[in-house]
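To keep things clear, I will list the structure first and then write my remarks on it.
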Amino acid sequence: MSQSIGAQCNDLKKEYDTCFNKWYSEKFLKGDLRPECEELFEKYRACVLNAIKQKQIDKLLVEARKDDPFTSTSGK
Amino acid sequence: MKLFEATHTFFYKWSQVSAANWRKYPNDNCPHVVAIDVLDRHVDPETGVLRTERLITCHQNIPGMLNKLCGGCTVTYSREVSEIDPQNKVLKMTSCNLSMNHLINVTETVTYTVDPTNSSRTLFKQEARIKCGESISKFAGYIENFFIQRFRDNSVQGRQGFENVLDRLMG
């Protein structure tokens with residue numbers, strides 16, 4: 003499994019990725035779109051957001067999202 | 007502006023390829039990809055499309071001139087947005103460099119679709135656009151050519167690495 007940008011997030015990432023990969027193959031691809039692994043994702047995400055803030059990548063992401071926002075409708 | 011394009015056919019079903027795509031790294035062919043993080047992710051309730059935003063961390067040397075301009079950076083970051091439409095079986099990923107983007111803009115688009123002539127195979131299409139900023143336009147030819155060559159090398163390695171991942175997961 004790939005590493006996280008924050009070494010302290012690796013365990014949380016591993017737990018989340020394992021849950022997501024299982025959901026993706028066993029549920030999502032079979033038509034069950036109800037999300038799972040939400041709680042694990044929030045924990046992992048909080049850790050990553052903290053790591054990217056420390057590395058000052060958060061500002062770069064804000065800029066990039068201005069050109070290409072990440073919302074549920076932007077892909078249409 | 008320079009363009010790089012590549013196509014490939016994977017001898018695995020789209021469902022297998024799209025699942026393995028999340029597990030493409032780490033692989034021995036792509037040691038430059040050092041970290042991958044999911045920043046945001048949701049299923050669009052109207053379309054059923056899974057959208058994911060990821061941060062890709064790479065560690066790779068860059069040409070001397072650019073390296074000087076960015077102050078000796080070897081770690082670079084990219085933002086990737088992917089969309090997976092499970093009904094039409096289309097996976098599309100677009101990534102753009104976050105680092106050095108005042109100097110150069112590298113946008114890569116990758117799609118995986120079902121081979122219309124054989125549904126147990128998957129077509130891969132990759133396209134990269136490389137454009138230098140005004141401040142380094144004098145060296146644009148040199149720098150764009152460097153990145154095209156880098157893409158060509160990484161593309162071959164990436165494909166081979168992914169084949170190995172698929173063989174391991176599905177074999």
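Protein chains in written order, with my numbering: chain A, 3 to 78; chain B, 7 to 177.
Glycine residues also receive a C-beta, built at the ideal position from the N, C-alpha and C atoms.
- Query: Hey, does N107 of chain B have any beta-carbon neighbour from chain A nearer than 9 Å?
  - Reply: Contacts with chain A at 9 Å (Cβ-Cβ) include N107 of chain B.
- Query: Does the beta carbon of A66 of chain A come closer than 9 Å to any beta carbon on chain B?
  - Reply: Taking a beta-carbon distance threshold of 9 Å, A66 of chain A counts as an interface residue toward chain B.
- So, does the CB of D19 of chain A fall closer than 9 Å to a CB anywhere in chain B? yes
- Task: Closer than 7 Å by beta-carbon distance: list the chain B residues that pair up with Q5 of chain A, in chain order.
- Result: V40, A41
- Message: Given this structure, state the Cα-to-Cα distance separating S74 of chain A from L14 of chain A, to the nearest angstrom.
- Response: Only weak support exists for where S74 of chain A lies, its pLDDT of 49 falling under 50; the value from the coordinates is given anyway. One C-alpha to the other measures close to 25 Å.
- Query: Is L9 of chain B closer than 9 Å to I136 of chain B when the C-beta atoms are compared?
  - Reply: Taking 9 Å as the Cβ cut-off, I136 of chain B and L9 of chain B qualify as a contacting pair.
- Ends of the alpha helix (DSSP H) at F24 of chain B? Residue 24 of chain B is actually Ser in this sequence, not Phe. First-last of the alpha helix (DSSP H) with S24 of chain B: 20-27.
- Members of the segment 14-40 of chain B that neighbour chain A once the beta carbon cut-off is set at 7 Å: S21, A25, W28, R29, Y31, P32, V40
- Item | Whether N67 of chain B touches G167 of chain B by CB criterion (9 Å) | Going by C-beta atoms, N67 of chain B is not nearer than 9 Å to G167 of chain B.
- Task: Following the continuous alpha helix (DSSP H) through E41 of chain A, name the residue where it begins and the one where it ends.
- Result: 40-56 is the extent of the alpha helix (DSSP H) around E41 of chain A.
- Contact check, V40 of chain B vs Q5 of chain A under 8 Å by CB: the rounded distance? Beta-carbon to beta-carbon, V40 of chain B and Q5 of chain A are separated by about 6 Å, close enough to satisfy the 8 Å threshold.
- Message: I'd like the span of the beta strand (DSSP E) that includes I142 of chain B, first residue to last.
- Response: No beta strand (DSSP E) contains I142 of chain B, which DSSP labels as neither H nor E.
- Cβ-Cβ distance between C39 of chain A and Q10 of chain A below 9 Å: no
- Query: Using a beta-carbon distance below 9 Å, is G54 of chain B in contact with chain A?
  - Reply: yes
- Message: Tell me which residues of the segment 82-95 of chain B have at least one Cβ-Cβ distance to chain A shorter than 9 Å, keeping chain order.
- Response: Listed in sequence order: Y83, R85, V87, E89, I90, P92, Q93.
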